[in-house]
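A quick write-up on the structure given underneath.
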Ligand SMILES: Nc1ncnc2c1ncn2[C@@H]1O[C@H](COP(=O)(O)OP(=O)(O)O)[C@@H](O)[C@H]1O
Ligand SMILES: [Mg+2]
């Protein structure tokens, strides 16, 4: 569309108004957090919305050291990395099996996994909590890693299965004729071929695990992950908004960095979910 | 002893039968082509031999050993797929050595086999490239190279040339024929293209709807088809067919033209209807039976011309011609030797 007609131009203008409002509503909280994280509490109370006058990094230092965000940060990193790694391995193995191998009841198993996609976390909280206690996994990072894996696995398996189902069968068949064992087919063919889907899953699951409050609150009660720790920065009666803002910026930073690194893969990965199942 | 033996092999997907009991013997070193229209079960049959598809019933023996339940890799076969099935993330060399690496062969053996296969297929320059950086013909050669390095007892090809353009297809066809001469392995080759079958095969197996219609050398099938299907499928342009009325034990009438068939062994029943078949290349004799047609189109291909015309009954006829091409709506007298006529009964079976 090199030259838009007069009518098309008007339509474009009309469309751009809600888009601009949407964009602003996304950008404003970012500005708010960044701006206020640099103010001290007094500066914030005097002028909530204005641009920061005397920028200070005290809030970051205080959040990191005195409010224990450093340990919370470590907890988040360990559990997120652990869960995402486990999710990727398990979902690509399961996707390989469900999409490519032939075994009895594989359709039924796939349907059960699909069905479990539709169950919200909240519905199973009580039995989940009892199971965690029963297994002695309460207040352990391992427990949280396993919990994240369990809750995010159905979607991951679904995505890998549909992705692998879209690959030509002959790739696996050629490998089988050539004498590759199943586990070799997985490692040398399915994992590299599944890269785009695995990257998408890695990013999505990192986001879910990193931002989770609910599951973490239940499983890691006496240690806290970053998001829980930040939520706790809010006092019952008063909240130190600049301190909270600094915490939020610290928590968002790793995700933002990930996004910048994987920008291209994220955009192309969005289409991955649209492969036939 | 046959190297590969199929004994009443069947395949069904649930309630649908796809292969209806095929028995076949393939000798060591033979080049056998399965040919037939799309959907007739060629790939299914090949994949059952490869072990990619379960055999519903019957026995498959390779080298005298029953192979029905063996793993594909234990059958001594290598397969070249229509889609090439190259791994996009591996270099040409890694693609070719994949099987050897997976089965843990020593490094120098792998290197030696890959370089030998690469030199046979003229792939030396391309070993470091990825499949995406290759042309269709080169990819095809890599796929064949991957089969060669494993030095299998039997090569299986499933329509390996279908994704290539016409010119390249002819070229690769010659290369595959040469390859068979060099390696002398048993090869089973699937195609829907009768030209490929005719040019490559020691023996052709014509399949239709999961049944073997005829097995024979290319010339046997061409000269002596068992039925109208094989007669029509083998040869290009295809054989002309016309309704014929039997006027005597060895005489018929086609579109008002009386044809005597002195060589016929069977005595025909006067008054019955049969089907008369004659190949386009047999319609350009100088003398013999005269058959008038009205010309629709003449296709000039340089050395020969194909005349498309109609008989008095409206049935379509293609005739090969040398020399000047007739013009549309001309009436042309075709001549043929009655020994080239083939007769088929109402069920399409050959009357000899
Ligand atoms: N997995 C399957 N399930 C059901 N029917 C199949 C399956 N695979 C092939 N068929 C059927 O078997 C017949 C033969 O297929 P195929 O061997 O691929 O034919 P060809 O290779 O001769 O074109 C076709 O009619 C096809 O529809
Ligand atoms: Mg096929």
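Residue numbers (my numbering), protein chains in the order written: chain A, 344 to 620; chain B, -10 to 341. Every residue, glycine too, gets a C-beta built ideally from N, C-alpha and C.
Its chain contains 125, 126, 129, 161 as the residues whose beta carbon lies nearer than 8 angstroms to that of residue 153 of chain B, once the 5 sequence neighbours on both sides are disregarded; these appear in chain order.
For a cut-off of 8 angstroms, the C-beta gap from residue 314 of chain B to residue 262 of chain B is around 34 angstroms, too long to register as a contact. Judged by DSSP secondary structure, residue 533 of chain A falls outside any alpha helix (DSSP H); it is assigned neither H nor E.
Residues of the segment 502 to 535 of chain A with a Cβ closer than 8 angstroms to any Cβ of chain B, in chain order: 511, 513, 514, 516, 517, 518, 519, 520, 521, 522, 523, 524, 527, 531, 532, 535. Scanning A:419, A:603, A:543, A:592 for the CA closest to the CA of residue 555 of chain A turns up A:419. Under the three-state reduction of DSSP output, residue 62 of chain B falls in the helix class. In this structure, residue 573 of chain A sits near residue 591 of chain A, with a CB-CB distance shorter than 8 angstroms. Counting of Cβ neighbours within 10 angstroms places residue 61 of chain B among the buried residues, the total reaching 16 or more. A straight-line Cα-Cα distance of about 10 angstroms links residue 363 of chain A and residue 356 of chain A.
Among the bridge pairs identified by DSSP, residue 0 of chain B is matched with B:8. Interface with chain A (8 angstroms Cβ-Cβ cutoff): residue 295 of chain B is excluded.
With a cutoff of 8 angstroms on beta-carbon distance, residue 532 of chain A and residue 76 of chain B are scored as near each other. Shown here, residue 473 of chain A sits in a helix according to DSSP, grouped into three states.
Excluding the 5 residues flanking it on each side, residue 304 of chain B has same chain C-beta neighbours closer than 6 angstroms at 231, in chain order. Look at residue 28 of chain B: its beta carbon is less than 7 angstroms from one of the heavy atoms in ligand 1. Apart from sequence neighbours up to five positions away, the residues of its chain that approach residue 431 of chain A with a beta-carbon distance below 7 angstroms are 541, 544, 545, ordered along the chain. Here residue 215 of chain B is actually not in contact with residue 32 of chain B; their C-beta atoms are around 24 angstroms apart, not less than 8 angstroms. Per DSSP, the continuous beta strand (DSSP E) segment holding residue 47 of chain B begins and ends at 46 to 51. Against chain A, a Cβ distance below 7 angstroms from residue 66 of chain B picks out 520.
Here the C-alpha atom of residue 588 of chain A lies approximately 15 angstroms from the C-alpha atom of residue 390 of chain A. Pairwise C-beta distances place the segment 318 to 331 of chain B in contact with the segment 251 to 270 of chain B, as three or more of them are shorter than 8 angstroms. In this structure the segment -9 to 9 of chain B does not touch the segment 461 to 470 of chain A; the number of beta carbon pairs closer than 8 angstroms is below three.
Around residue 117 of chain B, no beta-carbon contact reaches into chain A at under 8 angstroms, the shortest distance being about 18 angstroms. Note that the segment 362 to 380 of chain A does not touch the segment 562 to 570 of chain A; fewer than 3 beta-carbon pairs, one per stretch, sit closer than 8 angstroms. When secondary structure is reduced to three states using DSSP, residue 329 of chain B falls in the helix class. Restricting attention to A:498, A:593, A:503, the CA atom closest to the CA of residue 413 of chain A is found in A:593. Pairing residue 519 of chain A with residue 194 of chain B, the inter-Cα distance amounts to about 27 angstroms. Within chain A, 514, 517, 518, 531, 532, 535, 536 have C-beta atoms less than 9 angstroms from the C-beta of residue 76 of chain B, given in sequence order. Here the distance from the Cβ of residue 32 of chain B to the nearest heavy atom of ligand 2 is below 7 angstroms. Nearest in C-alpha terms to residue 188 of chain B, of all of B:49, B:243, B:166, is B:166. At a Cβ-Cβ threshold of 8 angstroms, residue 89 of chain B and residue 102 of chain B count as neighbours.
Distance from the CA atom of residue 409 of chain A to the CA atom of residue 576 of chain A, rounded to whole angstroms, is 11 angstroms. Taking a 10 Å sphere around the C-beta of residue 350 of chain A, we find fewer than 16 other C-beta atoms and assign the residue as exposed. The criterion of a C-beta distance shorter than 8 angstroms is not satisfied by residue 301 of chain B and residue 266 of chain B. In the three-state reduction of the DSSP assignment, residue 31 of chain B falls in the helix class, which pools H, G and I.
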